[in-house]
């Protein structure tokens, strides 16, 4: 199968995550929380494992230690800045029907998804197996994130149908990033995006996902959460050993 077909298929699949809010119309809140929490646990472990054992390791091999470390740090910083963009901007006017952060969160998410598209394209151009793994990981952390964005928009006063449309539109911007990455990025730039992506994945895992796991005070749920974290980590490490074999 042609690399472009793989990239387009992955971009369409990731874009469909934007419709995650639709499922919340038919699922009770408690049930939704039960589904999302295990997914976050698994995603955290798989992101850490993939960042270090696949993307960063590949970067070390392709562009050298110093360059890989530099781009890892740049990726971490860029995702930190994106996180700041996504933070709530509270409306101080009590008469506001829809708070500004309801729209801002989708602007920030659209930028984030363009970068996701670049990452998907660049990893497929390096290695199809790496592209498939990266797409899987992006989906794993995007599902709870998009559900969170949807819930935040509703909390800010946005109507449910409008929130679904905005969530979907912001998610489809990954297609822009994907095609830009395929047609305009040089091979050298693509290789630098490997440790860059690793830095971004480590930021997401340590800043967004793992702190959510620490908020769970129930011992039984905490043990299950940690087990799923280890399973996610072991899963991607196992894939690495299969590649070597």
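Numbering (my numbering), first residue to last: 3 to 247.
Using N, Cα and C, we set each Cβ at its ideal position, and we do this for glycine too.
Could you tell me the alpha carbon to alpha carbon distance between residue 176 and residue 71, rounded to whole angstroms?
Numbered from 1 along the chain shown, position 174 holds the residue referred to as residue 176. Numbered from 1 along the chain shown, position 69 holds the residue referred to as residue 71. For residue 176 and residue 71, the distance between alpha carbons rounds to 26 Å.
On a CA-only basis, which of 8, 21, 17 is nearest residue 165? Give me that one, please.
For the purposes of this step, residue 165 is taken as the residue at position 163 of the chain shown. Out of 8, 21, 17, 21 has the C-alpha closest to the C-alpha of residue 165.
Nearest-angstrom Cα distance between residue 80 and residue 124?
Working through the chain shown from its first residue, we reach residue 80 at position 78. Working through the chain shown from its first residue, we reach residue 124 at position 122. About 17 Å.
Can you tell me whether residue 52 is buried or exposed? The criterion is at least 16 other CB atoms within 10 Å of its CB, across all chains shown.
The residue you call residue 52 lines up with position 50 of the chain shown. Classification for residue 52: buried.
Based on Cα-Cα distance, which residue from 237, 244, 68, 215 lies nearest to residue 139?
Taking the chain shown and counting its residues from 1, the one referred to as residue 139 is at position 137. Closest option to residue 139, Cα to Cα, is 237.
Taking the straight line between their C-alpha atoms, what separation do you get for residue 179 and residue 38?
By one-based count along the chain shown, residue 179 stands at place 177. By one-based count along the chain shown, residue 38 stands at place 36. Cα-Cα distance, rounded: 27 Å.
Rounding to the nearest angstrom, what Cα-Cα distance links residue 47 and residue 57 in this structure?
The count along the chain shown starts at 1 and reaches residue 47 at position 45. The count along the chain shown starts at 1 and reaches residue 57 at position 55. Between residue 47 and residue 57, the C-alpha separation is close to 15 Å.
Quick one, which of 120, 82, 111, 77 has its alpha-carbon nearest residue 9's?
On the chain shown, residue 9 is found 7 positions in, with the first residue counted as 1. Checking every option, the nearest Cα to that of residue 9 belongs to 120.
Alpha carbons only, please: which of 78, 122, 5 is nearest the one belonging to residue 210?
Residue 210 sits at position 208 when you count from the first residue of the chain shown. Of 78, 122, 5, the residue nearest in Cα terms is 78.
Please go through the same chain and pick out, in chain order, the residues whose beta-carbon is closer than 8 Å to the beta-carbon of residue 141, but skip the five residues on each side of it.
If you number the chain shown from 1, residue 141 lands on position 139. Excluding sequence neighbours, residue 141 sits near 15, 16, 19.
Say whether the segment 124 to 135 touches the segment 211 to 226, bearing in mind that this needs 3 or more beta-carbon pairs closer than 8 Å, one atom from each stretch.
The answer is no - the segment 211 to 226 does not touch the segment 124 to 135, with fewer than three Cβ pairs under 8 Å.
Between the beta-carbon of residue 155 and the beta-carbon of residue 168, is there less than 8 Å?
Translated into the one-based positions of the chain shown, residue 155 becomes position 153. Translated into the one-based positions of the chain shown, residue 168 becomes position 166. Yes; because the gap between Cβ atoms is below 8 Å, this pair is in contact.
Looking at the secondary structure, which residues open and close the alpha helix (DSSP H) in which residue 163 lies?
The residue given as residue 163 occupies position 161 in the chain shown. Residue 163 -> alpha helix (DSSP H) spans 162 to 173.
Let me know the alpha helix (DSSP H) ranges lying completely inside the segment 171 to 232, each 4 residues or longer, listed in chain order.
Those alpha helix (DSSP H) runs which fall completely within the segment 171 to 232 and span 4+ residues are 176 to 186, 189 to 205, 212 to 216.
Using only alpha-carbon positions, find the residue among 23, 50, 126 that is nearest to residue 5.
Residue 5 sits at position 3 when you count from the first residue of the chain shown. Looking at the Cα atoms, 126 is the closest of the given residues.
Are residue 200 and residue 74 close, meaning C-beta to C-beta below 8 Å?
Translated into positions along the chain shown, residue 200 becomes position 198. Translated into positions along the chain shown, residue 74 becomes position 72. Yes. Within cutoff.
If residue 233 sits next to residue 44, beta carbons under 8 Å apart, how far is it from one beta carbon to the other, in whole angstroms?
Stepping through the chain shown from its first residue, residue 233 is reached at position 231. Stepping through the chain shown from its first residue, residue 44 is reached at position 42. Yes, they are in contact, since the Cβ atoms of residue 233 and residue 44 sit about 6 Å apart, within 8 Å.
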